[in-house]
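Chemist: Using mature numbering (1 follows the signal peptide of the UniProt record, and there is no 0), the letters of the sequence shown map in sequence onto residues -19 to -1, 1 to 751. Using N, Cα and C, we set each Cβ at its ideal position, and we do this for glycine too. These figures come from a predicted structure and were not determined experimentally.
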Amino acid sequence: MHLLSLIVSLLTAVNVAWGLGSSCSAAMTGGTAAPGDPYWMQNIQHQGTSPYNSDPSSYQVYRNVKDFGAVGDGVTDDTAAINAAISSGTRCGDGCASSTTAPALVFFPSGTYLISSPIISYYYTEMVGDARNMPMLLASSSFSGAAVIDADPYTAYGQWYVNQNNFFRSIRNLVIDLTQTPATANSIAIHWQVSQATSLVNVVVDMSTASDTNHLGINMENGSGGFMSDLIFNGGKTGISVGNQQFTVRNITVNNAQTGIAANWNWGWTFQGVTINNCQVGMQIATGGTTSANQAVGGEVIIDAQVYNTPTFIKTTTAQRTSFAGGIVLSNIQLNNVPVAVADPDGTVLAGGTTTIQQWAQGNVYTGTSATPHYQQASLTPPYKPSSLLDSTGRIFGRSRPQYADYAVSQFQSVKSMGAKGDGVTDDTAAIQATFDQYAGCKIIYFDAGTYYVTNTIQIPADTIVVGEVWSVIMGGGSVFSNGAAPVPVVQVGAHGSSGILEISDIVFSTRGPAPGAIIIEWNVGQTTQGSAGAWDTHVRTGGFDGSNLLYATCANTTATYAACEAAYLDVHITSGASAYLENFWMWTADHDLDTPGNGQLDIYNGRGLLSESANGPVWLIGTASEHHTMYQYNIANSQNFYGGLMQTETAYYQPNPAATAPFQPSGLYWDPQSYVSGKGWSLYVQNSSNILVFGAGFYSFFNAYDPSCQGTSTCNAQIVDVVSSSPVSIYGLATVATTYQLSVNSNAVVAASNDHSGFADYMTAWTSS
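Structure (structure tokens):
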């Protein structure tokens, strides 16, 4: 017995050293699914619940469309069955502005599903196909309706949802085929009128290639997004036709369309990784807007594009040879048999050929502390791009959301099967920690849908994979998180000094308020291979939803008190030894109530957004947003090798009543800014840092203590970005709203928004520290 105990102790010690859980015999090195197995999501035990639903015991989170009568044989009309799978139960549809209490994971097994009218995607819905053998939605020859998938249907009185609040929805792993519909029909694959915490991932759209085709892949009229990646569009009149306040698109391919991308309006937009093959026009950009009344494209940032056999890469709708009305930034654009790189109605602006455009800009360019804009349609000196931020081909690194298509169900460990309840009431701390302690490194840790209340720090070791189900919620609360003078992490991602694989997807991190001492995520893990430490489709949401204790009844903007409505100390802290790849990551302090009828406005006090202290990086923030925090939305301190694009923020609506930093005390330990102009938190504060790259940002101040009248005079905020003792720093495509100065250096205002009007927002095309 003594010898056996010694052996067990030695094995446990080895597992700890390797980051393996105590019940692991070996590290998980890859998937073990057999070639004919379906995707793990289909057969895993479905234990997800929605504890705040009106009928939680019977509400069904996971829905397989075949369980609702879909056949998937390409002959049977499956429209009604799929819509039944989506709408079953008390869901948030027409007449419901928002709800977090009726989530649905709608799964499509492999097959071909004939569709004759729109599939309506309800609020808080994930539509997911088999990632091993992607299913097809085949529009019938008689298809009628707005789109094969409609995320915001039009009605006689308007639309189902408010477009800029159309949150929490995802579509993954689907092929949509329009080729059976007449070429001349105005057939659309996806109507995607959405906002933050939304994604399209791994979607293929096939359309007619006839000369008279009217097919369209994505129709997006407006919204406040948003993120999409890994998209392929074949044929059609237009691959995607888009307008939105801001958006990030990574890894999009358009083949054989007449127009690849039609950009109709925005405040700012980032395309990272674009491939255009055999189109007539790669990208048509609507320019010429300088006021809200004639809003067009505020600006486009396009990086790492490859364009083949296309007569014109970019065509603008107006000639802006001498005056600014729509910014364009091109970085690392490879042209192959593309005669014209940029054209306007007056002819060629930039010649093409077979060549590489290192860096080029249309718009106002600034350098250092000079307040004088230089308008140009010309090349720029490319910024220094650290090799740690680039892939092997010299492009900004990107990593698609891991979906574990080759993994078997037996390689997952459910936290509910380990005793966690996810009911929003039970303290699940011990059960969750036991799951990590026993199975980290040899199982994928699966959080079935639910709300997991924890009262102490959850430690996630390096070499751990975490997967949620329709944004499973991990919520910290209780006395441990109550002391703002001694903040404590709710979740610790890796121990200090650790490195390895750490992947998180489909999780919402939060607090049960008040929690003034909560650091919601402390991110310590460093990468061992590029991008090995990351999070996808994962968000931090504080207040404004059932279970948070920070609802309209307690925290209405007219009655909120500091003591009752302090949500957190800091959302995300990337510590000095860490690396992080965060993609589609929204840090939202609620400005309105998602679950109370009327969606009343809230005053929720959350001290800080994201603090990155990564000394060596690399850190990638791709399609991220941080909104309504008191002191700052993003703070980059003592860091290097940082990339962000697109980054989006809003200042707290209640400021300057109270003014930042109230009700929190600034801390030198957490590198809080020293000054707050106009009593507003900073959108981006860069201090003592180097090799900082921003390709696309939208930073907005809409109000003075809820009064919007300051918008017309750009006086809702005096300064919004500050670069302090930092170089080199390069910022391309900065859109701001209602801010007098777009950028400051060492707290001294430099770039005046009055030079950069580009519609409702102002657009600084480029600024470099030197």
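Out of Val42, Asp158, Phe623, state which residue places its alpha-carbon closest to the alpha-carbon of Ser68.
Modeler: Start at 1 with the first residue of the sequence shown, and residue 68 comes out as number 87. Among Val42, Asp158, Phe623, the Cα nearest to that of Ser68 belongs to Val42.
Chemist: In angstroms with no decimal places, state the Cα-to-Cα distance between residue 792 and Leu316.
Modeler: Any property of residue 792 remains undetermined from this structure, which presents the chain solely from -19 to 751.
Chemist: Count the other CB atoms, across all protein chains shown, that sit within 10 Å of the CB of Val(-4); report buried if there are 16 or more and exposed otherwise.
Modeler: Your numbering for residue -4 matches position 16 in the sequence shown. Low confidence applies here, because Val(-4) scores a pLDDT of 38, under 50, leaving its location unreliable; read the following figure in that light. Exposed, because fewer than 16 other Cβ atoms sit within 10 Å of the Cβ of Val(-4).
Chemist: When DSSP builds the beta bridges, which residues end up paired with Ser205?
Modeler: Translated into the one-based positions of the sequence shown, residue 205 becomes position 224. Paired residue(s): Ser176.
Chemist: Quick one: is Asn167 buried, meaning 16 or more other Cβ sit within 10 Å of its Cβ, or exposed?
Modeler: Position 186 of the sequence shown, counted from the first residue, corresponds to residue 167. So Asn167 ends up on the exposed side.
Chemist: Using the C-alpha atoms, what's the distance from Thr519 back to Pro364?
Modeler: On the sequence shown, position 383 is the one that residue 364 refers to. On the sequence shown, position 538 is the one that residue 519 refers to. About 30 Å.
Chemist: Under DSSP, the alpha helix (DSSP H) around Gln26 begins and ends at which residues?
Modeler: Here residue 26 refers to the residue found at position 45 when the sequence shown is read from its first residue. First-last for Gln26: undefined, no H or E at that position.
Chemist: So, using beta-carbon positions, are Asn146 and Ser79 closer together than 8 Å?
Modeler: The residue given as residue 146 occupies position 165 in the sequence shown. The residue given as residue 79 occupies position 98 in the sequence shown. It is a contact, given that the beta carbons lie within the stated cut-off.
Chemist: Beta-carbon within less than 8 Å of Tyr356's beta-carbon, same chain only, minus the 5 sequence neighbours each way: which residues are those?
Modeler: On the sequence shown, position 375 is the one that residue 356 refers to. Only Thr303, Ser304, Phe305, Gly344, Asn345, Val346 meet the Cβ criterion.
Chemist: Identify, in the order they occur along the chain, each residue of the same chain with its Cβ nearer than 7 Å to the Cβ of Ala386, setting aside the five sequence neighbours on each side.
Modeler: Reading the sequence shown from its first residue, position 405 is the one you call residue 386. Cβ neighbours of Ala386 beyond the five flanking positions: Tyr20, Ala112, Arg113.
Chemist: For Asn275, name the three-state secondary structure that DSSP assigns.
Modeler: Looking up residue 275 in the sequence shown gives position 294. It is helical.
Chemist: Do you know how far the Cα of Asn464 is from the Cα of Ala274?
Modeler: By 1-based counting over the sequence shown, the position of residue 274 is 293. By 1-based counting over the sequence shown, the position of residue 464 is 483. If you take the alpha carbons of Ala274 and Asn464, they lie about 49 Å apart.
Chemist: Please classify residue 752 as buried or exposed, where buried requires at least 16 neighbouring CB atoms within 10 angstroms.
Modeler: The question about residue 752 has no answer, for the chain in this structure spans -19 to 751.
Chemist: Taking DSSP's pairing of strands, which residues face Asp703 in a bridge?
Modeler: Counting from one through the sequence shown, the residue named residue 703 turns up at place 722. According to DSSP, which records beta bridges pairwise, Asp703 is partnered with Tyr666, Ser725.
Chemist: For Pro689, does the three-state DSSP call read helix, strand or coil?
Modeler: Indexing the sequence shown from 1 puts residue 689 at position 708. The answer is helix: DSSP assigns Pro689 an H, G or I state.
Chemist: From Val506 to Phe676, what distance separates their C-alpha atoms?
Modeler: Taking the first residue of the sequence shown as 1, we reach residue 506 at position 525. Taking the first residue of the sequence shown as 1, we reach residue 676 at position 695. Approximately 25 Å between the Cα atoms of the pair.
Chemist: Which whole-angstrom value describes the C-beta separation of Val702 and Leu724, a residue pair presumed to lie in contact below a C-beta threshold of 8 Å?
Modeler: Mapped onto the sequence shown, residue 702 falls at position 721. Mapped onto the sequence shown, residue 724 falls at position 743. Yes, they are in contact, since the Cβ atoms of Val702 and Leu724 sit about 5 Å apart, within 8 Å.
Chemist: Under a Cβ-count criterion, where at least 16 other Cβ atoms within 10 Å of its own Cβ denotes burial, should Gly579 be classed as buried or exposed?
Modeler: Counting from 1 along the sequence shown, the entry for residue 579 is found at position 598. Exposed is the call here.
Chemist: Return the first residue and the last residue of the alpha helix (DSSP H) that Phe526 is part of.
Modeler: In the sequence shown, residue 526 corresponds to position 545, counting from 1. Counting along the chain, Phe526 falls outside any alpha helix (DSSP H), and DSSP gives it neither H nor E.
Chemist: Measure the beta-carbon distance from Asp576 to Asp527 and round it to whole angstroms, keeping in mind my assumption that it falls under 8 Å.
Modeler: Counting from one through the sequence shown, the residue named residue 576 turns up at place 595. Counting from one through the sequence shown, the residue named residue 527 turns up at place 546. About 5 Å separates the two Cβ atoms, so the contact holds.
Chemist: When the Cα atoms are used, what is the spatial distance from Tyr657 to Leu674?
Modeler: Along the sequence shown, read from residue 1 onward, the residue named residue 657 stands at position 676. Along the sequence shown, read from residue 1 onward, the residue named residue 674 stands at position 693. About 24 Å.
Chemist: Quick check: the stretch 413 to 432 against the stretch 450 to 463, are at least 3 beta-carbon pairs closer than 8 Å?
Modeler: Yes, they touch.
Chemist: Check the Cβ-Cβ distances between Lys47 and every residue of chain B, and say whether any is below 8 Å.
Modeler: Chain labels in this structure do not include chain B; a single protein chain is all it has.
Chemist: Taking the continuous beta strand (DSSP E) assigned at Asp158, which residues delimit it?
Modeler: The sequence position of residue 158 within the sequence shown is 177, counting from 1. Per DSSP, Asp158 belongs to the beta strand (DSSP E) from 150 to 158.
Chemist: Going straight from the alpha carbon of Gly74 to that of Gln140, what length do you get?
Modeler: Here residue 74 corresponds to residue number 93 of the sequence shown, with the count starting at 1. Here residue 140 corresponds to residue number 159 of the sequence shown, with the count starting at 1. When rounded, the distance between both Cα atoms is 11 Å.
Chemist: If we call anything under 8 Å between Cβ atoms a contact, is Thr240 one with Gly216?
Modeler: Counting from one through the sequence shown, the residue named residue 240 turns up at place 259. Counting from one through the sequence shown, the residue named residue 216 turns up at place 235. Not in contact: Thr240 and Gly216 (Cβ atoms no closer than 8 Å).
Chemist: Need the endpoints of the beta strand (DSSP E) that Ser593 sits in, please.
Modeler: For this step, residue 593 is matched to residue 612 along the sequence shown. Looking at the DSSP string, the run of the beta strand (DSSP E) that includes Ser593 is 589 to 593.
Chemist: Within 10 angstroms of its Cβ, does Tyr40 collect 16 or more other Cβ (buried), or is it exposed?
Modeler: Start at 1 with the first residue of the sequence shown, and residue 40 comes out as number 59. Label assigned to Tyr40: buried.
Chemist: Once DSSP output is grouped into helix, strand and coil, what is the label at Ala561?
Modeler: Sequence index remark: in the sequence shown, residue 561 carries index 580 (1-based). Three-state result, Ala561: strand.
Chemist: Under three-state DSSP, which class holds Gln145?
Modeler: Locating residue 145 in the sequence shown gives position 164, counting from the first residue. In this structure, Gln145 counts as helix in the three-state DSSP scheme.
Chemist: Looking at the structure shown, is Phe393 part of a helix, part of a strand, or coil, going by DSSP?
Modeler: By 1-based counting over the sequence shown, the position of residue 393 is 412. The answer is strand: DSSP assigns Phe393 an E or B state.
Chemist: Just to confirm the assignment, what range does the beta strand (DSSP E) spanning Ile284 have?
Modeler: For this step, residue 284 is matched to residue 303 along the sequence shown. It spans 280 to 289 - the beta strand (DSSP E) in which Ile284 sits, taken as one unbroken run.
Chemist: For Pro654, count the other beta carbons within 10 Å of its own beta carbon; 16 or more makes it buried, fewer makes it exposed. Which is it?
Modeler: As a working note, residue 654 is residue 673 in the sequence shown. The residue is buried, with at least 16 neighbouring Cβ atoms inside 10 Å.
Chemist: DSSP three-state label for Leu370, please.
Modeler: Your numbering for residue 370 matches position 389 in the sequence shown. Residue state, collapsed to three classes: helix.
Chemist: Assuming Asp408 is part of the alpha helix (DSSP H), what are its boundary residues?
Modeler: The residue given as residue 408 occupies position 427 in the sequence shown. No alpha helix (DSSP H) holds Asp408; the beta strand (DSSP E) holding it covers 404 to 408.
Chemist: Please confirm if the stretch 328 to 345 is in contact with the stretch 628 to 640, defined as three or more CB-CB distances below 8 Å between the two stretches.
Modeler: Verdict: no, contact absent.
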